Amino acid sequence: MAVGPTLRSSSSPGGAVLSASGDWTGAHAADLERLSQAAFAPEGKLTIDIESVGRLDTFGVWALERLQRCATEAGVEARIAIPRDARADLFAGVEKALSRQRRQIARGDTLANWLEGIGLSTRAFAVDFAAFLDLVGRLTFCFWQGLRSPSRLRLRSAIHHLDRTGLRATPIIALMCFLIGCILAQQGFFHFQRFGATNYVVDLVTILVLREIGVLLVTIMVAGRSGSAYTAEIGSMKMREEIDALRTMGLDPIEYLILPRILALIVAAPLLTIIGNGAALYGAGVVAATYGDMSPAVYLERLHEAASHIDLEVGLIKAPVMAFVIGAVAALEGMKVQGSAESLGLGATASVVRSIFFVIVLDGIFAVLFAAVGM
Amino acid sequence: MAADEVISVSDLRVVLGGREVIRGLSFNVRRGEIVGLVGASGSGKTVLLRTMLGLLPKTSGVVEIMGVRLEHATALQSRRVGERCGMMFQQGALFSSLTLRENVEFPMREYLHGSDAMYADVALAKLAMVGLTDADADKLPSEISGGMTKRVAIARALALDPDILFLDEPTSGLDPIAAGEIDRLIRTLQRVLNLTVFMVTHDLNSLKSVCSRILALYDGRIIAQGAMGDMLAFDHPWLRAYFQGERGKAAQLS
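Shown next, in the form of structure tokens:
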């Protein structure tokens, strides 16, 4: 029943005639394209006869119109003989629309595009940094007001988020830290054995875990788990105009949405770090007993000698600062989300990548600081 | 099913969450008709539309679109029906990460075998048909107004030159001028492209000026069908309230 489109050329006293027949519909798009680029003898007049066309739709009209246009460009005076029936309406509707768009998509040259890209991303970085400082200022102000009238701190909301980001993260963080503790101890015993320094494995593990590994693992996990969730939540609220709704009610989204989330992170991160430290040291103890031939009593005694409260403090001081940065980056990326689903995904990705990057940069800065004050 | 019937629904029942929303209704739509479905909020209009399109499961009954029962259709058949039907969702349902032109091109890319230039030309033509300019074509759905969203949604529904166009409240939330333009657009497109249109609407003006037939849905059943003038003849409290209320009268007079 479906007949492909065909063109047949003939000549008549009035000039050449191209007779179209068959179905000129989108289902035969490839054929239409081929036919619309048919070659002509570049002379005289051309009439495109569509009397015997079966079915015709916008795609067919496009092809016929392009055929006519190509002919005109080749110097042939071409016209389409449009029969006086419903097809005339179709031509009128589509041709008017088609004739309006004769537009070339401009393409700049590559070098300029590349330079423009660099410029744009530099500016975006500066804008982001300013927005970050702005948010820090607003959060501080909001927190200060909250201290003066505690009802504005939205503690109920903060506790809800503390449950989500803290309590519910405990099992996975404990498990992860336990495994890393095991691995560190196993590597320590394996390599230190060769020069008989297995006694120092406990020192190695303790200092590494308390000062660096524990807090880093926890904050990276928090960034991946809660930071991305914050960005997605705030971003979709932004998309659905919920944040604008809050603003028009005269309420501050920072007070309602962002500060409680960040407070929850700041409280959760040190607690999770303590749990993570414990789990890692426990894991190291298990490996010491099963793999390193060190009895639990000896391990505990060495642990006691190796660990100082300064090591613990170094880890715990870092945790809330890193949590603040994770929360602020997540909120910032969430507020940047525009209308599209894609921008939400980009925001969540940027939130995790940036906050992990900042956590590691901060860790480096802290290392220098602590070294300077002798901690 | 008669040759010129493109939609046929018989004895359709839909139970959702233990409640019978559609309670045994039958109707046919012939080629070239513009059928308007009216009903109070919660009377099951959208459920009926979604069931007809296979987006909701039906409990019993038969829905045939272009002679194909969607639940018995092979993958090829349902793809063909998808190609021949265009649906405009109430909120537009435009793909938010594609530009307006890409939204209209999307079904073409899936179903046709043409070139990018062809898709771009035809997509711009479709957007122009619904009254958008070239400058709008590269915007994202989040950057345009509600009325434009509806227009683009219609343009996307028309992308493949379908035989049947389903519209879910094409004029809701628009100002009277924009609503009038959409009505005129639907009429023109119906004439130009010989569409069959099935639309859910609340807009008495579009019922009067666009629809060749009205189906009134009440409590999951069709209580009346006919032209706008016939609606007044039916003696049903809801119909009387609907068509003879102040708004209804104003629409009759206009």
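Same order as they appear, the protein sequences are chains A and B.
Residues 1 to 375 in this note's numbering are what the first sequence lists, from first letter to last.
Residues 376 to 629 in this note's numbering are what the second sequence lists, from first letter to last.
Yeah, the Cβ is synthetic: ideal placement off N, Cα and C, and Gly gets one too.
In this text, all values refer to a predicted model and were calculated from it rather than measured experimentally.
- Annotated three-state conformation of B:Gly399 is strand, per DSSP.
- Using a C-beta cut-off of 8 Å, the stretch 482-489 of chain B makes no contact with the stretch 249-266 of chain A, since fewer than three inter-stretch Cβ pairs fall below that distance.
- The beta carbon of A:Val215 sits closer than 6 Å to those of Thr273, Gly315, Lys318 and Ala319, all from its chain and outside the five residues before and after it, given in chain order.
- For B:Ala599, the CB contacts under 7 Å within the same chain, skipping 5 residues up- and downstream, are Ala591, Met606, Phe609, His611 and Leu614 in chain order.
- A residue is called buried when at least 16 other Cβ atoms come within 10 angstroms of its Cβ; B:Asn478 meets this threshold and is buried.
- Close to A:Glu33, with beta-carbon spacing below 7 Å, are these residues of chain B in chain order: Gly489, Ser490 and Met493.
- For A:Ser340, a Cβ of chain B is located within less than 8 Å of the residue's own Cβ.
- Not one beta carbon of chain A lies nearer than 8 Å to the beta carbon of B:Val479.
- Under the Cβ criterion (8 Å, minimum of three pairs), the stretch 379-399 of chain B does not count as touching the stretch 354-373 of chain A.
- At a beta-carbon threshold of 8 Å, the residues of chain B lying near A:Leu90 are Val567 and Leu568, ordered along the chain.
- Counting only runs of 4+ residues, no alpha helix (DSSP H) is found wholly inside the stretch 37-63 of chain A.
- With distances taken between CA atoms, B:Ala468 lies nearest to B:Glu544 out of B:Met441, B:Glu544 and B:Pro432.
- For the stretch 243-264 of chain A, the set of positions with a beta-carbon nearer than 9 Å to some beta-carbon of chain B is empty.
- Listed in chain order, the non-local C-beta contacts of A:Ala269 below 7 Å within the same chain comprise Val218, Thr219, Val222, Ala319, Pro320, Met322 and Ala323, local neighbours out to five positions each way being set aside.
- Cβ contact annotation for A:Ala330 (same chain, cutoff 7 Å, sequence separation greater than five): Gly227, Tyr230, Thr231, Ser351 and Ser355, in chain order.
- Contiguous alpha helix (DSSP H) elements confined to the stretch 482-530 of chain B occur at 491-504 and 509-512, taking only those with 4 or more residues.
- Beta-bridge annotation (DSSP): A:Ala81 is paired with A:Asp49.
- Contacts between A:Trp62 and chain B, judged by CB atoms closer than 8 Å, involve Met493, Asp496, Val497 and Ala500 in chain order.
- Spatial neighbours of B:Ile539 in its own chain (CB-CB distance under 6 Å, excluding positions within 5 residues in sequence) are listed in chain order as Val381, Cys460 and Thr571.
- Cβ neighbours of A:Arg152 within its own chain (closer than 7 Å, five residues either side excluded): Gln145, Gly146 and Glu255.
- For A:Phe132, no CB of chain B lies under 8 Å from its own CB, so it is not counted at the interface with that chain.
- The contact set of B:Pro516 on chain A, defined by CB atoms closer than 8 Å, consists of Gly339 and Ser340 in chain order.
- The closest CA to that of B:Ile557, considering only B:Arg476, B:Leu535 and B:Cys586, is found on B:Cys586.
- Sequence-distant partners of B:Ala530 (beyond 5 residues in either direction) whose C-beta falls short of 6 Å from its own C-beta, in its chain, are Val479, Lys501, Leu502 and Val505.
- Annotation: A:Ala169 to A:Glu305 spans about 31 Å, alpha carbon to alpha carbon.
- With a beta-carbon spacing of about 12 Å, B:Met574 and B:Gly414 fall beyond the 8 Å limit used to define contacts.
- Inside the stretch 548-603 of chain B, DSSP marks whole alpha helix (DSSP H) runs of 4 or more residues at positions 551-568 and 579-584, from first to last along the chain.
- When C-alpha distances from A:Leu271 are compared across A:Leu204, A:Asp109 and A:Leu312, the shortest belongs to A:Leu312.
- Rounded to whole angstroms, the gap between the alpha carbons of A:Val3 and A:Asn113 is 47 Å.
- When rounded, the separation of the alpha-carbon atoms in B:Phe481 and A:Arg66 is 22 Å.
- B:Phe618 is classed as buried because its beta carbon has at least 16 other beta carbons within 10 Å across all chains shown.
- Taking the Cα of A:Ser9 as reference, the smallest distance to any Cα among A:Leu369, A:Thr47, A:Met294 and A:Arg34 is reached at A:Thr47.
- Every unbroken stretch of the alpha helix (DSSP H) spanning 4 or more residues and falling wholly within the stretch 143-196 of chain A is given here in chain order: 155-165 and 170-192.
- For A:Val94, the secondary structure class from DSSP, reduced to helix, strand or coil, is helix.
- Runs of the alpha helix (DSSP H) lying entirely within the stretch 396-469 of chain B, each at least 4 residues long, are 420-427 and 450-459 in chain order.
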